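Each number in my numbering corresponds to the 1-based position in the sequence shown with 264 added. Cβ atoms here follow ideal geometry from the backbone N, Cα and C, with glycine treated the same way. Fair warning: this is a prediction, and the values are worked out from it, not measured in the lab.
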Amino acid sequence: MCDLGVTIEGTDLEARIAQLNTEMDARGLTFRPYYWLSDEWFTPDGVPGIAIPFYLAHPRLAQARARADARSRRRRSRSVPRGSCGTRRGTPSTTPTRCGGGRRRRRLFGNPAIEYPEYCTPKPYSKSFVQHLDHWYAQSHPDEDFAETFAVWLDPNVACGRARYAGWPAQRKLEYMDRLMRELAQRRPRVSSKRQMDPLPRLKKTLGEHYRKKREHYGLDHPDFYDSDLLQPVLGRARVRRRTRPRRASSRSIRTGSAQHRRQLHRQLSVHDRSADRGGSSIAAAS
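See the structure below:
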C-alpha cells in the first residue's frame with residue numbers, strides 16, 4: 265500500500281475538505297482539522313486530525329470500492345456490520361479544546377471509556393440515536409453516537425433534521441451538541457499536534473491482504489444474522505429457537521402471515537437510510 269503513491273492534493277478530496285471548512289465556518293467554528301491518508305477512516309484520541317481511506321484518492325480504487333460496497337450492502341441487508349465498531353474516536357472539534365462535555369455528555373451518550381464491542385447489534389427502530397451513516401452506526405459506541413450527532417448538527421440542512429427528530433430522545437442530543445459547539449467556538453485551541461497515525465507511506469500490507477481482512481471484519485459471509493429477529497413477531501421466541509432453517513422459514517412466514525404481522529414488521533424495519541457519501545459532512549461524520 266505504501267507504493268500506491270496517492271495523495272490528497274489534486275483529488276476530489278480537496279473539494280470535500282473545502283466544503284467541510286465552509287460548513288464549519290457557517291457554524292462559527294474556527295478550528296480546522298488536518299488530514300492524511302491511511303487504510304481507513306479514524307481520528308485517534310488526542311489528535312485533532314482525520315485519517316482518510318486511501319482509495320478515495322485513487323479513482324480506479326474508489327470505483328472498485330463503490331461497486332464492492334453496493335454488493336455488500338445488498339448482502340448485508342439482513343446482517344449486522346461486524347467490526348464496524350472502533351474505526352473512529354470522538355470528533356476532532358472537541359480534541360483541540362480538551363473538552364468532552366463531562367457528566368451531561370455521559371448521561372446522553374454513555375460512557376466513552378467503555379470497550380468497543382466485538383459485535384454490534386443495532387436496534388433499527390430506536391429513536392434514541394440520529395441516523396446519518398448507514399447500518400445505524402451511531403449505536404455502535406458512545407463515541408460514535410457523539411460523532412454522528414455532531415455530523416447531523418453540522419449539516420447545513422440541520423433545520424430539516426431537527427424537524428425530523430422532534431419528539432425523539434435523539435433531539436436532546438442535538439440540542440446538547442448545539443450548546444456545546446457554541447461554547448467551543450469561543451475557546452482557543454489548546455492542542456496543536458500534527459501527529460499522523462498509520463499514514464499510508466508506512467503501510468506495508470498488500471491490497472489483497474487489506475481487502476481480505478475487511479471482508480472478514482464485516483462478516484459478509486453471514487447474511488442470515490437477522491432472520492431470527494424477523495421471525496420473532498410471527499412465530500414467537502420459542503418457536504424461532506426450534507427452527508433449523510430460519511432463512512427459508514422467514515420468507516414463507518412473512519408471505520403467509522397476517523396483515524397485522526406485516527404491519528408490525530414494517531414499523532420495526534422502516535427506518536431512514538442515508539448514504540455515507542455526503543460530501544463535506546461525510547468527512548465530519550468519519551472523524
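Under 8 Å, do G310 and S456 count as touching if we go by C-beta distance? Against the sequence shown, residue 310 aligns to sequence position 46. Against the sequence shown, residue 456 aligns to sequence position 192. Going by C-beta atoms, G310 is not nearer than 8 Å to S456.
Within 10 Å of its beta-carbon, does G366 have 16 or more other beta-carbons around it, so buried, or fewer, so exposed? Walking along the sequence shown from the start, residue 366 turns up at place 102. The residue is exposed, with fewer than 16 neighbouring Cβ atoms inside 10 Å.
To the nearest angstrom, report how far apart I272 and A434 are at their CA atoms. One-based indexing of the sequence shown puts residue 272 at position 8. One-based indexing of the sequence shown puts residue 434 at position 170. Between I272 and A434, the C-alpha separation is close to 35 Å.
Where C266 falls, given that 16 or more other Cβ within 10 Å makes a residue buried: If you number the sequence shown from 1, residue 266 lands on position 2. So C266 ends up on the exposed side.
Determine contact between the stretch 412 to 423 and the stretch 273 to 283, defined as no fewer than three beta-carbon pairs at a distance below 8 Å. Not touching, per the Cβ criterion.
Alpha carbon to alpha carbon, how far is A411 from G472? In the sequence shown, residue 411 corresponds to position 147, counting from 1. In the sequence shown, residue 472 corresponds to position 208, counting from 1. If you draw a straight line from the Cα of A411 to the Cα of G472, it comes to about 30 Å.
Taking buried to mean at least 16 other C-beta atoms within 10 Å of its own C-beta, is I378 buried or exposed? As a first step, residue 378 must be located in the sequence shown, where it is residue number 114. Exposed.
Presumed contact (8 Å Cβ cut-off) between A427 and L293, rounded CB distance: Residue numbering aside, residue 427 sits at position 163 when the sequence shown is read from its first letter. Residue numbering aside, residue 293 sits at position 29 when the sequence shown is read from its first letter. About 23 Å separates the beta carbons of A427 and L293, which is beyond the 8 Å limit, so they are not a contact pair.
Identify whether P381 lies in helix, strand or coil by the three-state DSSP scheme. Position 117 of the sequence shown, counted from the first residue, corresponds to residue 381. P381: coil per DSSP, three-state reduction.
Are the beta-carbon atoms belonging to F306 and V270 less than 8 Å from one another? The sequence position of residue 306 within the sequence shown is 42, counting from 1. The sequence position of residue 270 within the sequence shown is 6, counting from 1. No, these two residues do not count as a Cβ contact at 8 Å.
From L464 to P308, what distance separates their C-alpha atoms? Locating residue 464 in the sequence shown gives position 200, where the first residue counts as 1. Locating residue 308 in the sequence shown gives position 44, where the first residue counts as 1. Approximately 15 Å, taken between the alpha carbons.
Taking 8 Å as the threshold (C-beta atoms), are R296 and M445 in contact? Counting from one through the sequence shown, the residue named residue 445 turns up at place 181. Counting from one through the sequence shown, the residue named residue 296 turns up at place 32. Taking 8 Å as the cut-off, the Cβ atoms of M445 and R296 do not count as close.
Can you tell me which of the three DSSP states L301 falls into? Within the sequence shown, numbered from 1, the residue matching residue 301 stands at position 37. Assignment of L301 by DSSP, reduced to helix, strand and coil, places it in the strand class.
Mapping the DSSP letters down to three states, classify I570 as helix, strand or coil. One cannot answer for residue 570 here, as it falls past the ends of the chain, which runs 265 to 551.
Using DSSP's beta-bridge definition, name the partner residues of F306. Position 42 of the sequence shown, counted from the start, is the residue given in the question as residue 306. F306 is bridged to A315.
Start-to-end residues for the alpha helix (DSSP H) that takes in E439: For the purposes of this step, residue 439 is taken as residue 175 along the sequence shown, with counting starting at 1. Note, E439: alpha helix (DSSP H), A434 to L448.
Put L325 into one of helix, strand or coil per three-state DSSP. Taking the first residue of the sequence shown as 1, we reach residue 325 at position 61. Three-state result, L325: helix.
Look up G431 in the DSSP assignment and say whether it is helix, strand or coil. For the purposes of this step, residue 431 is taken as the residue at position 167 of the sequence shown. DSSP, read as helix, strand or coil, puts G431 in coil.
Classify R476 as buried or exposed, calling it buried when 16 or more other Cβ atoms lie within 10 Å of its own Cβ. On the sequence shown, residue 476 is found 212 positions in, with the first residue counted as 1. Exposure of R476 is indicated by the presence of fewer than 16 other C-beta atoms within 10 angstroms of its C-beta.
What does the alpha-carbon distance come out to for the pair K437 and C384? Numbered from 1 along the sequence shown, position 173 holds the residue referred to as residue 437. Numbered from 1 along the sequence shown, position 120 holds the residue referred to as residue 384. One C-alpha to the other measures close to 21 Å.
Apart from the five residues just before and just after R329, which ones in its own chain have a Cβ nearer than 6 Å to its Cβ? Reading the sequence shown from its first residue, position 65 is the one you call residue 329. Contacts found: Y319.
Taking 8 Å as the limit between beta carbons, can you name the residues of its chain near K387, skipping five residues before and five after? Locating residue 387 in the sequence shown gives position 123, where the first residue counts as 1. Around K387: W400 and Q403.
Find the nearest neighbour of I314 within the set D462, R466 and E480, judged by alpha-carbon distance. On the sequence shown, residue 314 is found 50 positions in, with the first residue counted as 1. Ranked by Cα distance from I314, the options D462, R466 and E480 are led by D462.
E249 versus R451: straight-line alpha-carbon distance, rounded: What is shown of the chain runs 265 to 551, which leaves residue 249 out entirely.
Can you tell me whether F393 is buried or exposed, with buried defined as 16 or more other CB within 10 angstroms of its CB? Here residue 393 refers to the residue found at position 129 of the sequence shown. It counts as buried.
Residues near A321 in its chain [Cβ-Cβ closer than 7 Å; skip 5 each side]: Position 57 of the sequence shown holds residue 321. Sequence-distant partners of A321 (beyond 5 residues in either direction) whose C-beta falls short of 7 Å from its own C-beta, in its chain, are V270, T271, I272, T275, L277 and L301.
Alpha carbon of W417 to alpha carbon of D442, nearest angstrom: For the purposes of this step, residue 417 is taken as the residue at position 153 of the sequence shown. For the purposes of this step, residue 442 is taken as the residue at position 178 of the sequence shown. Their backbone Cα atoms lie some 7 Å apart in a straight line.
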